[in-house]
Structures are given as structure tokens and as C-alpha cells.
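**Student:** For the record, the sequence lines run as chains A and B. Residues in the first sequence are numbered consecutively from 1, following UniProt numbering. Residues in the second sequence are numbered consecutively from 1, following UniProt numbering.
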Amino acid sequence: MAPSSKGLNGKLEKPKSALQAIVLSDSYNYRFRPLTLDKPRCLLPLANTPLIEYTFEFLALAGVQEVYVFCCAHADQIRTYIENSKWNLASSPFSVHTIVSRESLSVGDALRELDSKQLITSDFILVSGDVVSNVPLKEVLEEHRARREVDKNAIMTMVVREASPHHRTRASTESSVFVIDKKTSQCVHYQANERGKHYVSMDPEIFNEHEELEIRNDLIDCQIDICSNDVPALFTENFDYQDIRKDFVYGVLTSDLLGKSIHCHVAKENYAARVRSLQTYDAISKDVISRWVYPFVPDSNLLNQSFTYQRYQIYKEDDVVLARSCEIKACTLIGAFTKVGDASIVANTVIGRNCIIGNNCNIDGAFLWENVKIGDECKIGKAIIANDAQIGHKCTIEDGAIISSGVIIGDNVNVTENLRLTPHESHSQGIPNDPALVGDRGLGQEYHAEAESEDEEELMEASGLIHRVEDLNLSDSEISELSSSSEEDMDFVPFSARRDSANTINSDDFDEGDFNKEAQQSIERAFEENHSIEIAALELNTLRMAMNANYHEVRSAIILAILKRISFVDAPPKEAISKVMARWGPLLLKLTFNHDEQVDNLFTLQKYCIRLTMEKQFLQLLGFLYQLEIAEDDAVLDWYNDSRSAEGDIAVLRNTYGKQFVDWLNTAESESEEEEDDEEDDE
Amino acid sequence: MTAKDIEHTYPAVSNLIARLKSRKVHKPFPVAVETALVMRQVISQTRWSTVDQLLEAIRAVGSSLVKAQPSEFSCGNIVRRILRMIREEYQDLLNTVEEEHINKERANGSSTSSSVTTPSSGLSNDQLAERNEPISFQMYSSMLNLLGRPVPEAYPQDKNLGDSRVTGGMDMRAVLIAGIQEIIDELDKINTDIEIQSMDHLHSNEIILTQGCSKTVEAFLRFAAKKRKFSVIVAEGFPNMQDGAHAMAKRLANAGIDTTVISDAAIFAIMSRVNKVILGTHAILGNGGLVTYSGAHLVAQAARHHATPVVVCSGIYKLSPVYPYDLESIIQLASPGNIISFRKGDLISDAEILNPYYDYIPPDLVDLFITNLGGYPPSYLYRIMNDTYDANDTIL
């Protein structure tokens, strides 16, 4: 019967090789833990429909004929789900195959495996299993193919959606920056977000090669990529590539040898987003309910549900039982067989099937999955309550709480903000079934992330359900200080611009040389990977010798890197300075050998402080240099008295903070001399 | 037959259901054509021994198609027409068999009266046992009793009993498929049937107002423009139709018609100068009301205020016996992206933005329907409805 079903479709599609799509069902991170302990992310319900359904619908819209689903965690569940889904029927517009590869730990591993399996025949679509989109890919595919005809090296087209920097649907952790050539829509530079990194560093060559560039920090990167065969092959060649953006795109774009190019399609209409974190889960759920993803809205009943739309964006399935006195407010979705008790108020909430909500409850902004039971007089904020969870009477569940499947909460319990509860004891460090947390006869404990590094934990925090713009602004405030009152949306732009103008002015200076750039990178790497001082120094020395540079350049580079580091650490400036200097000051000390070089350091510091507008921090930095004996008193005095320090606009620092410090130095010296005198006198 | 069964028995149906749900197929015309094509497949795949089994199968398929996208009325309309066609063909067959029988009886003289009940086609005994009750008769009588309407043509009940078995053969299948082909052919030439009437309605130097884009209206205007000179004002139908409206205005202008595009806000202001409003429609409902694309109600109200006649051009396949009991379920909401850019993050997280795709125009605002069968006032639609659909099929 299959051919007959394809009859109508078949005529429309070209008889070329089938369009293939790879769905990566795993996200390779733990942002949805503890929810993903029992269920893979792609099967989590979004507006009562598993996420992967949205991805499949999107692929069906794109005219895909063959889909390969890569499973890693919970592979059996995904496989069973797909086998029983409508996509496995004869009427499905494409054939679905699941590939289980439990060993793969990253996108890179999955693509390497894909390459080894030789399944791909032509250009394919690579998406993750949590994409929600209605962008028609047909044009993008044609664009991509046309480009490929002309240039075999255009290996990939990324599809991104235009949004705004603080858009709710844009993950707060996802501030990746795309630099796109306006004419050819080639992506010439990519920078993934790094916490606290609020600037973009680009090869100045890029500006020579391209007439008009767009530097964009307002794109939702939902990781819809149209890739050629070369992409998996490149992953195989570069066995250390893990992430498709951070490693692969960055690697390809910065490599001079490969000569491959990557393009970027900025979708200006339609919807595209990816459920990357709990915060985007919340946002995308809202987008679905406010119909941005049309036609993939609840009342399309893609899964043979029975939703109907009602005024004020309320969706109800058949067989919902609502008490006469309960109140259902706007933006709410209620699944079949759910009961809402007397005088309960439900607003902005997604409720799954078979839930029972007691009397006098107040639920605002929550996500209740299936079979959830809620007692009387509960108050529930923006929390996720997963399948089969039970909540007793008179409980309060605050914003950001996550209650995983099977957790039972007793009566009169207050679940605090951002608390994650799991029934799995092995993932907790707290007391099992602690009555203080889950009440009497409760079941569940606080989830403890087995974070491998601090970064992961930071990400966990950043990926919480509540999207706090205030928090974001806090970390940005330091930057705002630096870049005066520029719009926060644009925070990186004036900064990089300033860097740029500075570079052009001092083009005769060393620090635009290749060495400086390489050294900067090396030091930044040391910062990020927390190398020991010895290793960092060794690396710099090697670099120095390889590039025939002198120690002055090395030290300039270190000072510049330290200053940059200070301005990007998320902490008040004072703490930042002491933290960075205490850790990395010794590196400078290690490469400073005599008096003249100490003076030289001070000159460099002075110059850079002006250039990076960090005048206010100069005094403290000076103090640290002194304290760490990178610049001893004589050196400071020599610097102070040298006429070069009083030249031009850098003189300000000498005349204000420099003077202050020297004065202090003099008094301190005289005091100590006095002390010595005293001691002598005593003798 | 449940939805699951349909999915398994007719992949083509579930394929169409999926495409209706994801709006890959939308707009009345493509939906009507696709439905007819799918129904042709269903008829050729279905095995039936009595006509009631066939009717039941078609009805089940039709009901799941209608449920998939209730706002695509033309889908249900085509199903209803096919159901009626089956009944008619069956009736014809029945009549011929009867005639033959009478002739035979006459030829044989008064040989037997029991021969009536003997099976005329080669059916096995098991099958016969299954059908010891004449379902066709049962359905007719019970349903008609329910509606409290007299039986249209009284069938002698015992005569039906034997003759219903005649229809088990393949001959009827061929007839039905030919019938569906006829429906498809009719769909294909709807615009030509409608446009030839334009000379009676469009006169020289008139100012015509239309909204959005409709292939039928466009054909209607262009046909008249061959001989007459008149001007057309196109209201753009923001937010969902403006691209189509602009394109249609351009085509009209290229055809030599004096065309003006106005924004929807100017409709009322300009209405006093308009001689006639010509609208396309998404569906015509049982009460003569219209389901149109959003903005058309405004046009109709403005026209009523200025006593400007409102003429609706539409193929008869858009005529649906459904009544607008629940307007909210009829007026679908589309993505708000056409109204406000998704980029405006602050706004969209705070504001509720609605983009109704359809509009409902009550029947009293429409003066004339021009269909492929001719022009009718709204009050006359009931007659066409009765001619086109069987009263039993109103609810699928």
C-alpha cells in the first residue's frame, strides 16, 4: 500500500536522491536533569505533545524522505515511541530509522559514527530532536544546492531565526555571535557564548575580504543545519571536534587550510527555536500556545488529540471536567480526563491528561504533565511537575521548582524556588525522603548535579526555568560601566569597536603583531583551562622563541590578557582584580627579570589601562604589582619620574593614581626607615 | 470503523489527514480536488457487498477527514456529494434491475413470486447469512423517521430485500469512479462557468470593490474586462491576504483593468463611490452566511451602510450544509507573525496577539451568489443544498 500513499507526493518530489535528515535525539548535556533521568529530552511533552513530534512535523514540512534518529540515552524508549508513532505507518511522508550509539557523548561522536556508517548519499538536514519550527526549508535547500553547484566548498548552511538579544525564546545561555557577509550570506566568523565573555575578537583580515559585514547577537540558533557529505567526514578527520558550533563551525571558519565556507540563512518569517534549556522550554511553550508555531498548534491535534480553541487562548480537550466555580484564565491548555476542583484558579498553565487538581488551588504559569495529583489549597508558581507526581494539601510550590516523575509531596510543604526534586536516591546527596523537603510520607530528595566542572554547574543555574533579565543585567553592568551608556543589546559592539580604533591608531605598536595575537590566545587558553604558571610560562617562552619575539612583547601580552580577564570576570572590579592578579600575577613575575623590565611593565600597564578605559582600576593594579614584587619601589619611582609616563593622554594616570601611590610609598618608606632608626636607637 | 482502522486500511487517507492538519493542503479548491482523488482511491480499495457498507465506509473516512481540519468545509462537501452520488447510482441500478425483473416476469408470465428473494449474483451462503437483514432499508427508514420527513419515493419494502444484493458487483464501482471523475471535471471548469456570467453583472464605467485575492473573482473580472471598461478597487486584506491581493491587483492591471489598491482602513471611506462589491469566499454555510478571509465582514458592513450590493462568486462545492453554531471553532487563528514581527521580544511576551484567519459574514449582508450553476439570492440556497446533498449526510 505504500506506493499508493506516495502517489500524490511522489509526483511533486523530484526523482533525485531522497532527501535525508539526521535527528540527534540526545542533547549531550544535563540541563533538563532530573527530568531526563526517566525520559529522554525529545520525549518530554511540550504543550502535551512530545518534542520530537514537532521536529518530525518540521521535517515533513521540509519534504524529507528519510530520517535517521540517533539515540543515545534512553534509546529503547525513543525507539519504542517511534515504532508506535504515526511516522512508522505507511502513510508517513518519510521512513524513520533509529540508530543506537550508546558510546557517543557528543554531536561530534554521533557524526563520526554517521560517517563510518556511510548512510548519507547527498546533502542532508541535521537537527536535534528538540527543534520546534515551521520554517519551510525548501527555499533554503535550493539556495544551498545552488551554492554547492558553484562552489563545492560551501559545505553547510545554518538556519537561524532573527529575534532580539533578550528575546524570551532565545536562551540566556546562548549569546553566540554570528558575523555574516551581507551580500553572500556567508558566515565569516562565529563565536559561541562563554560566560562572562562580552566581546568578539575577529581576524582583521575578515574586514579586508568582505565589503559589508553584519555582526549579530540577536539570532536564535536552533541548530538546523543543511550539511553536505563533507561535514561528517570533517568530523572524522578532526577527532577532537565535539560541538557542532563551538568546535566545528569555529574550527572551519578559523582554519586557513581547509578553505571550506559556511553560510547562514537568517529566517525573517516563520518560527524556529530549540528547547535548549528550561527557560526556553517555558518560552517555546508560550509560543506554541500563542500560535507562533502555526500550524503546529494544539488544536491541530497532530497526535489525534481532541483540542479545541477557545477565546483567550484556552485549549481544552474533550472529557475535561471543570468544577462550576473554578476559573480557567488565559493561555491555558488542559488535556483530556483532567479534573479541576471547586474555586481553583488556573492561568498560563499547561496541564496534561488525567490530572486531578483539588479545590481552592491557585496555579499560575506551571507545567503539569500527565497523571499529576494536586491536593486542596495549593499554590503553584512557574514550576514543572512531571508525570505521576503527587502533591498534598496546602502546599506551596515556588517558581523554578522541578518535581520529577514519581515524587510525592506531603501536606503543608513549601517547595522553595529552583529546588529540583527527584525520586532517585543515587542522584542526590541530601537525606532521602527528608520530611523537611517533601513532608511526611513524602518521596523524593533534592537532585544533585554531578557536574564535572564548575562551568557545568554555572550552566545548570543559568538554565533554570525562570528567566531573570535582572540577573543578566547585573552581569552586564560592569560592561555598561566600561562602554558608558550604550544600549545593553549592543554591549559587545562599542567595545570591539573601541579595540579596533585603538589598533588602527597604534598600528606601529607591537601588539598588533602576530606574536601578540598568538600569545593572547595562549594566555586565554591558560586562563580557561586553568594551567599552572609553569606550563603557561613554558608555552609563552616556546612561542616567543618560535616567533622570534622579545620579553617585552611577552609581558605586554600578559598584561593585556590579565586586564581583559579582569574586565570579564563576573564580580565587582575589586574582587576581580585580586582574584585574577593573585592567580596570574606570578606569571608576569616569572618573566620579569630586572629593574628595567619592571619599569617597562609599569609603562605597559599604564598604556593598556588607558586604552581599555580601566583607569579606575589602575591604582589597585599598581598595588598588586608592588605587592607581588613585579614592580619594586625603585621601579615605581623610576617610572614615576620618567618623562615618558607623563606624555600625552596617559599622563592622567601618573598624575592622579601614580602620585597617590608614590606618596604612599614615600611615607611607608620613611616610616619603615624610622622604624629601623628606632630599632637602631634601641640598640 | 475507527480512526485507527482508517489509518491502516487507507494510507492515502491518513496522508491527506496529516497534510490537512499541518496545513500543507489548504484553501477550498485544492482541498476539494485532493478529497475527490482520495475518495476515488477509497472506493476502488473498499470491498463491499451491500451499498450500506460502502456508504458506511465513505462516511467514516469522510468524518475523519472533516475532523482533521473542521475549517476546510469543501472537504466535507465533496464527501457529501460522493455519498449522494452513491445513493443515486444505487437507485438507478435498482430501477434497472426492477425493470428487468418486471420485464422478465412479464416474459415468464406469472411463474413464481419466490424468485424475488433468490440471489441474483454468485454470492456464497456465508455472505448471505451475514446479510439476513436488509441494512439499506433499515437505515433509510430509521433515519427518515428520525427527521420526521416523508420517504421521498416509497420503495416497496420487500422488493428491496433481494435487490440490494445486486450492487455487490464491480459494475457499480466503475460507475462510481466515473462519477467522481465527473465531480473533478466539474471542479476544473468552475471558474469558466462562473466567469461567463460576468457580462450580466458588470456594466461599463462601474466601480467594483473586492478584497483579498480570489481566483474566481479574478477570472470573473477579467472576463468582463474583455468587452467592458470598469475600474476595480482592491482592498488588501491585511494581514494574511495582502501579498495575494497585491499580486492579483497587478494581474488585473496587466489585463487592462483600471485597478487601485487601498488599505483596509479606507474601505468605509471609499464605499460611497463603489457600485458593487464582489467577494470570493472560503465557504458558504447552510444559512447563507459566509466564512471568508478576515476583513470581509468589514467590507460587507460598509456596503450595507451605503446600500451597495454585495455579490459573492463561488463554486457550488463551497456550499456546505453546516450551520454556524460555534463561530469560535470556525474562525481559526493563524500565527501572529503576520501582524507583529517575532523579533519584538518584549512586546510578544507581554501582549496577547491574535490573528484570525477567517471571518463570518451573516447571510443578510449578502445580496447575490453567483455560482457555477447560476446566480441565486441567499434565501434560495436551501434548494441547491437539497439538490446537491442528501439530508442524511449533513452530519458526517
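C-beta atoms are modelled at their ideal positions from N, C-alpha and C, and glycine is treated no differently.
1) Suppose the cutoff is 8 Å on Cβ atoms and the five residues either side in sequence are ignored; what does the same chain contact list for B:Ser-320 look like?
2) Suppose only complete runs of 3+ residues qualify. What are the beta strand (DSSP E) ranges in the stretch 249-330 of chain B, listed by chain order?
3) Residue 426 of chain B touches chain A at which residues, Cβ-Cβ below 7 Å?
4) For B:Asp-188, decide whether its Cβ has a neighbour in chain A, counting only Cβ atoms nearer than 9 Å.
5) So, with DSSP's three-state summary, where would you put A:Val-599?
6) Please name the residue or residues paired with B:Ala-235 in a DSSP beta bridge.
7) Could you work out which residues of chain B lie near A:Leu-89, taking near to mean beta carbons separated by less than 9 Å?
8) Fully enclosed by the stretch 102-188 of chain A, which alpha helix (DSSP H) runs are 4 residues long or longer?
9) Please specify which runs of the beta strand (DSSP E), each continuous and at least 3 residues long, are wholly inside the stretch 504-569 of chain A, giving them in chain order.
10) Any idea which residues DSSP pairs A:Arg-216 with across the strands?
11) May I ask you to report which of helix, strand or coil DSSP gives A:Thr-416?
12) Do A:Gly-341 and the ligand SAM come close, with the Cβ less than 8 Å from some heavy atom?
13) I'd like to know if A:His-166 contacts chain B, where contact means its C-beta is closer than 9 Å to some C-beta of that chain.
14) Taking CB distances under 9 Å as the criterion, tell me whether residue 689 of chain A reaches chain B.
15) What residues in the stretch 292-305 of chain A have a beta carbon less than 9 Å from any beta carbon of chain B?
16) Three or more beta-carbon pairs under 8 Å between the stretch 5-18 of chain B and the stretch 90-107 of chain A, yes or no?
17) Could you work out which residue in A:Val-438, A:Leu-419, A:Phe-593 is closest to A:Ala-449 when comparing CA atoms only?
18) Under 9 Å between the Cβ atoms of A:Ala-526 and A:Arg-544?
19) Can you tell me whether B:Met-248 is buried or exposed, with buried defined as 16 or more other CB within 10 angstroms of its CB?
20) Would you kindly check if the distance between the Cβ of B:Val-232 and the Cβ of B:Asp-200 is under 9 Å?
21) Determine, for B:Pro-336, whether the minimum Cβ-Cβ distance to residues of chain A falls below 9 Å.
22) At the 9 Å Cβ level, is A:Cys-222 part of the contact set with chain B, yes or no?
23) How far does the alpha helix (DSSP H) with B:Thr-96 in it reach, from first residue to last?
24) Compute the Euclidean distance between the alpha carbons of B:Leu-20 and B:Val-66, then round it to the nearest angstrom.
25) What whole-angstrom Cβ distance do B:Asp-367 and B:Val-311 have, given they're in contact under 8 Å?
26) Roughly how many angstroms lie between the CA atoms of B:Gln-181 and B:Arg-173, to the nearest whole one?
27) At least one CB of chain B closer than 9 Å to the CB of A:Asn-217: is that the case?
28) Taking the alpha helix (DSSP H) that residue 685 of chain A falls in, what are its first and last residues?
29) Count the other C-beta atoms from every protein chain shown that fall within 10 angstroms of the C-beta of B:Tyr-380, then say buried if there are 16 or more, exposed otherwise.
30) Taking the beta carbon of B:Val-217 as the centre, do at least 16 other beta carbons fall within 10 Å, making it buried, or is it exposed?
31) Mind pulling the chain B residues with CB within less than 7 Å of A:Leu-19?
32) Given a cut-off of 9 Å on the beta-carbon distance, is the pair A:Val-159 and A:Ile-226 in contact?
33) Can you name the residues of chain A whose CB is closer than 9 Å to the CB of B:Lys-27?
34) Could you run through the stretch 42-69 of chain A and flag, in chain order, every residue whose CB is less than 9 Å away from some CB of chain D?
35) Reducing DSSP to helix, strand and coil, say where A:Ser-405 ends up.
36) In angstroms with no decimal places, state the Cα-to-Cα distance between B:Pro-377 and B:Ile-208.
**Tutor:** On the basis of the supplied data:
1) Phe-73, Ser-74, Gly-76, Asn-77, Ala-283, Ile-284, Leu-285, Gly-286
2) As far as the stretch 249-330 of chain B is concerned, its whole beta strand (DSSP E) runs of at least 3 residues are 258-262, 276-279, 290-293, 310-313.
3) Any property of residue 426 of chain B remains undetermined from this structure, which presents chain B solely from 1 to 396.
4) no
5) helix
6) B:Gln-211, B:Ile-262
7) Glu-7, His-8, Pro-11, Ser-14
8) 107-117, 138-150
9) none
10) Note: A:Arg-216 sits in a beta bridge opposite A:Phe-178.
11) coil
12) In the structure on display, the ligand SAM does not appear, and there are no ligands present to speak of.
13) Taking Cβ atoms only, chain B reaches closer than 9 Å to A:His-166, which makes this a yes.
14) One cannot answer for residue 689 of chain A here, as it falls past the ends of chain A, which runs 1 to 683.
15) Residues of the stretch 292-305 of chain A with a C-beta less than 9 Å from any C-beta of chain B: Trp-292, Val-293, Tyr-294, Pro-295, Phe-296, Val-297, Asp-299, Ser-300, Asn-301, Leu-302, Asn-304, listed in chain order.
16) Contact between the stretch 5-18 of chain B and the stretch 90-107 of chain A is present, because at least three Cβ pairs lie under 8 Å.
17) Ranking A:Val-438, A:Leu-419, A:Phe-593 by Cα distance to A:Ala-449 puts A:Leu-419 first.
18) no
19) buried
20) no
21) For B:Pro-336, the answer is yes, since a Cβ of chain A falls inside 9 Å of its Cβ.
22) no
23) 73-108
24) 9 Å
25) 7 Å
26) 12 Å
27) no
28) Because chain A in this structure spans residues 1 to 683, residue 685 of chain A falls outside the shown range and cannot be described.
29) Exposed is the call here.
30) buried
31) By Cβ distance, chain B contributes nothing, its closest Cβ being about 16 Å from A:Leu-19, past 7 Å.
32) Taking 9 Å as the Cβ cut-off, A:Val-159 and A:Ile-226 qualify as a contacting pair.
33) Ordered by position in chain A, no residue passes the 9 Å Cβ test against B:Lys-27, which lies about 13 Å from the chain.
34) The structure shown contains no chain D; its protein chains are A and B.
35) coil
36) 19 Å
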